[in-house]
Amino acid sequence: MFFSTTYQALRVYTTTGLYNRLRRNNDPFTAEQGGFPKEPPATDPEQAMTPTDNPTISALTTEELAFFKQFGYLIKPKVLNAATCNELVDLMWQSAPTALNRFDPRTYQTIPKSEWSSDSLRFVQDDKWQFRALGTDQPLIDAMTHPQLWQWGEQLLGKGNLRAPTLGGQPMGSRGPAWPGGPVDPQDTEGVRGIYATLPNPSLEGAQDSLHTDGHPFHVGWVCLLEDCPPESGAFKVWPGSHQRFYPLFPMPYDQTRIPFYDHLPSHKGILHPAPYLAEVKAVETDTDPVDVWGSQGDVILWHHRLGHMAGHHKGHQASIRQALLFDYNHIALDAMRCEPTPCDMWQHWSPELRAAQVTTFSDALMSAQRLAAEGQNRP
Numbered sequence: 052m053f054f055s056t057t058y059q060a061l062r063v064y065t066t067t068g069l070y071n072r073l074r075r076n077n078d079p080f081t082a083e084q085g086g087f088p089k090e091p092p093a094t095d096p097e098q099a100m101t102p103t104d105n106p107t108i109s110a111l112t113t114e115e116l117a118f119f120k121q122f123g124y125l126i127k128p129k130v131l132n133a134a135t136c137n138e139l140v141d142l143m144w145q146s147a148p149t150a151l152n153r154f155d156p157r158t159y160q161t162i163p164k165s166e167w168s169s170d171s172l173r174f175v176q177d178d179k180w181q182f183r184a185l186g187t188d189q190p191l192i193d194a195m196t197h198p199q200l201w202q203w204g205e206q207l208l209g210k211g212n213l214r215a216p217t218l219g220g221q222p223m224g225s226r227g228p229a230w231p232g233g234p235v236d237p238q239d240t241e242g243v244r245g246i247y248a249t250l251p252n253p254s255l256e257g258a259q260d261s262l263h264t265d266g267h268p269f270h271v272g273w274v275c276l277l278e279d280c281p282p283e284s285g286a287f288k289v290w291p292g293s294h295q296r297f298y299p300l301f302p303m304p305y306d307q308t309r310i311p312f313y314d315h316l317p318s319h320k321g322i323l324h325p326a327p328y329l330a331e332v333k334a335v336e337t338d339t340d341p342v343d344v345w346g347s348q349g350d351v352i353l354w355h356h357r358l359g360h361m362a363g364h365h366k367g368h369q370a371s372i373r374q375a376l377l378f379d380y381n382h383i384a385l386d387a388m389r390c391e392p393t394p395c396d397m398w399q400h401w402s403p404e405l406r407a408a409q410v411t412t413f414s415d416a417l418m419s420a421q422r423l424a425a426e427g428q429n430r431p
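For the sequence shown, counting from 1, position 149 maps to 200 in this note's numbering; every step adds exactly one.
Written out as structure tokens, the structure is:
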């Protein structure tokens with residue numbers, strides 16, 4: 052399979068089911084050879100929700116909601132079942148670099164430069180392999196709208212307030228990078244961000260952790276482990292409580308200030324970070340230990356949009372590949388909310404249930420499940 056920035060995502064149906072093909076403009080594959088039927092209609096999230104291995108949907112507790120407010124994240128184990136995760140991993144491996152053999156862990160290494168790709172729909176570089184082209188296909192939309200996740204999202208933002216994805220819509224990366232040489236904007240998707248893989252890279256053994264916050268507007272981020280991920284093996288890392296420290300430092304409640312790009316003025320572009328924010332980043336990295344969100348297949352983490360985080364370094368202690376599904380939940384009124392000055396109350400736009408959740412002391416069981424050693428540790 053070949054990829055380039057000129058590809059268009061086109062769906063092809065076969066007798067064995069739905070699969071995707073990225074078609075270059077001069078690809079000889081034609082309608083006569085296989086046919087390109089009409090896009091499937093947009094899917095209502097209620098219709099896309101297919102129960103998995105959790106027949107009983109459980110609500111987040113008041114303690115869990117309060118923990119999310121206090122620390123900015125929540126880890127929930129074994130939400131997606133093995134069949135769902137394996138199906139997504141199968142799709143991911145359709146885009147694998149040839150240097151990787153799924154069934155030979157000895158090949159789980161950094162990817163040769165000859166196979167690197169800057170294509171926004173399939174980015175491959177060094178120890179990173181990010182596949183976005185299928186971001187609005189049925190299996191990924193089904194996972195994003197899993198009834199358990201959707202209920203939790205509505206607990207956070209209010210029932211009926213989640214923006215629904217569009218089946219067969221525009222995947223992240225369709226428009227290329229946000230600016231020349233920059234990252235891809237996750238807001239430019241009608242589905243998930245994609246399936247992201249991190250490969251072992253022993254050269255990172257001594258690398259320092261370095262946090263960032265996302266520059267695009269959204270409310271809640273999700274990372275879903277599709278295979279088991281040991282500690283220090285590329286899992287998502289978060290800095291507990293940092294969302295409360297970063298939130299008031301931005302003039303806008305959801306966006307970060309972006310400098311436009313001009314071809315004849317190429318030196319200054321991208322995200323403009325306020326000096327107080329940069330100082331606070333250094334302070335958080337100094338005084339707060341990050342949480343490594345390793346775990347088992349099907350585990351998920353939900354996190355606040357201003358939380359400091361990073362893609363963890365895969366130090367190669369075990370021959371594994373961190374494979375995860377990433378997506379965001381947005382309030383249907385986000386476009387209006389993002390135009391307001393940053394509210395003093397950071398939960399003003401969230402659900403009454405979340406706003407009302409107050410817990411003075413968290414249980415040892417919850418603190419342990421969230422990788423915090425004891426009550427009082429890592430407090431913002």
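By construction, the Cβ of each residue, glycine as well, lies at the ideal position given by its N, Cα and C atoms.
Whose C-beta lies closer than 7 Å to the C-beta of GLN409 among residues of the same chain, with five residues either side of it excluded?
These residues qualify, in order along the chain: ALA117.
Ignore the nearest five residues each way along the sequence and tell me which others in LYS288's own chain have a CB closer than 7 Å to its CB.
Answer for LYS288: ASP260, PRO341, VAL342, ASP343, VAL344, HIS360, MET361 and GLY363, listed in chain order.
Count Cβ pairs between the region 184 to 193 and the region 276 to 284 that sit closer than 8 Å; are there 3 or more?
Inter-segment contact for the region 184 to 193 and the region 276 to 284 is absent: fewer than three beta-carbon pairs are separated by less than 8 Å.
Less than 6 Å between C-beta atoms, sequence neighbours within five positions excluded: which residues of the same chain meet that for ASN152?
THR158
For PHE297, which of helix, strand or coil comes out of DSSP?
helix
Going by other Cβ atoms of all chains shown within 10 Å of its Cβ, with 16 needed for buried, is ILE310 buried or exposed?
Burial call: exposed.
Those runs of the beta strand (DSSP E) which lie wholly inside the region 109 to 185 and span at least 3 residues
Counting only unbroken stretches of 3 or more residues, the beta strand (DSSP E) elements lying wholly within the region 109 to 185 are 124 to 127, 173 to 176 and 179 to 182, in sequence order.
Taking the alpha carbon of ILE352 as the point to measure from, which residue in ALA215, TYR380 and GLY242 has its own alpha carbon closest?
TYR380
For a test of the three-state rule: what should DSSP assign to THR67, helix, strand or coil?
A caution first: THR67 carries a pLDDT of 30, below 50, which makes its placement in the model too unreliable to give a value.
Given PRO91, which residues of its chain have a CB within under 7 Å of its CB, disregarding the five upstream and five downstream residues?
Because the pLDDT of PRO91 is 37, which lies under 50, any placement of that residue in the model is unreliable, and the question is left without a value.
Is it right to say ALA147 is buried, meaning 16 or more other beta carbons lie within 10 angstroms of its own, or is it exposed?
Of the other Cβ atoms in all chains shown, 16 or more fall within 10 Å of the Cβ of ALA147; this residue is therefore buried.
Where ASP415 and ALA424 are concerned, what is the direct C-alpha to C-alpha distance, given to the nearest angstrom?
8 Å
What is the C-beta distance between THR196 and MET223, in whole angstroms, given that I count them as a contact (C-beta under 8 Å)?
17 Å between Cβ atoms; not a contact.
Between the alpha carbons of MET397 and TYR298, how many angstroms are there, rounded?
In this structure, the alpha-carbon of MET397 lies about 7 Å from that of TYR298.
Taking TRP203 as part of the beta strand (DSSP E), name the residues at either end of that continuous run.
Counted as a single uninterrupted DSSP element, the stretch harbouring TRP203 is not any beta strand (DSSP E) but the alpha helix (DSSP H) occupying residues 198 to 208.
Quick one: Cα of LEU276 to Cα of THR135, how far?
11 Å
Alpha-carbon spacing of GLN176 relative to SER168, whole angstroms:
Across the structure, GLN176 and SER168 are spaced so that their CA atoms are roughly 7 Å apart.
Would you decide whether ASP314 is buried or exposed? Buried here means 16 or more other CB atoms lie within 10 Å of its CB.
exposed
Got a sec, what are the start and stop residues for the alpha helix (DSSP H) LYS333 sits in?
326 to 338
Close Cβ partners of LEU405 (< 6 Å) along its chain, the five nearest in sequence each way excluded
LEU116 and LEU207
Measuring alpha carbon to alpha carbon, tell me which of HIS400, LEU300, LYS320 and PHE312 ends up nearest ALA326.
LEU300
Which residues mark the beginning and the end of the beta strand (DSSP E) in which ASP379 is found?
Here the beta strand (DSSP E) through ASP379 covers 373 to 380.
Restricting to Cα atoms, I'd like to know which of ARG296, MET418 and GLN238 is closest to VAL271.
GLN238
Sequence ranges, beta strand (DSSP E) only - wholly within the region 225 to 256, length at least 3
Look at the region 225 to 256 and you find these whole runs of beta strand (DSSP E), each 3 residues long or longer: 245 to 249.
Which same chain residues, not among the five before or five after TRP290, have their C-beta less than 6 Å away from its C-beta?
LEU262, VAL335, THR339, PRO341 and GLY359
Tell me, to the nearest whole angstrom, how far the beta carbon of THR264 is from that of LYS179; I am working on the premise that it is less than 8 Å.
Contact doesn't hold; Cβ gap of about 19 Å is too wide.
Closest residue to TYR124 among GLU391, TRP354 and PHE269 (Cα-Cα distance):
The shortest C-alpha separation from TYR124 is found at TRP354.
Under a three-way DSSP split, which group does MET361 fall into?
Look at MET361 here: in three-state DSSP terms it is strand.
Thinking C-alpha only, which one of ASN212, THR308 and PRO403 is nearest GLY432?
Residue numbering for the chain in the displayed model covers 52 to 431; residue 432 lies beyond these limits and cannot be assessed.
Using alpha carbons as the reference points, say which of PHE119, SER109, ILE108 and GLU114 lies closest to PHE413.
GLU114
Alpha carbon to alpha carbon, how far is GLN199 from VAL130? Give it in angstroms, no decimals.
8 Å
Status (buried if at least 16 other CB within 10 Å, exposed otherwise) for ALA375:
By the neighbour-count rule (16 or more Cβ atoms within 10 Å), ALA375 is buried.
How is LEU423 classed by DSSP in three states: helix, strand or coil?
coil
Nearest CA to the CA of TRP401: which residue from ASP170, LEU213 and GLU138?
LEU213
Looking only at its chain, what residues have a beta carbon closer than 7 Å to the beta carbon of PRO228, apart from the 5 residues adjacent to it on each side?
SER171, PRO234 and VAL235
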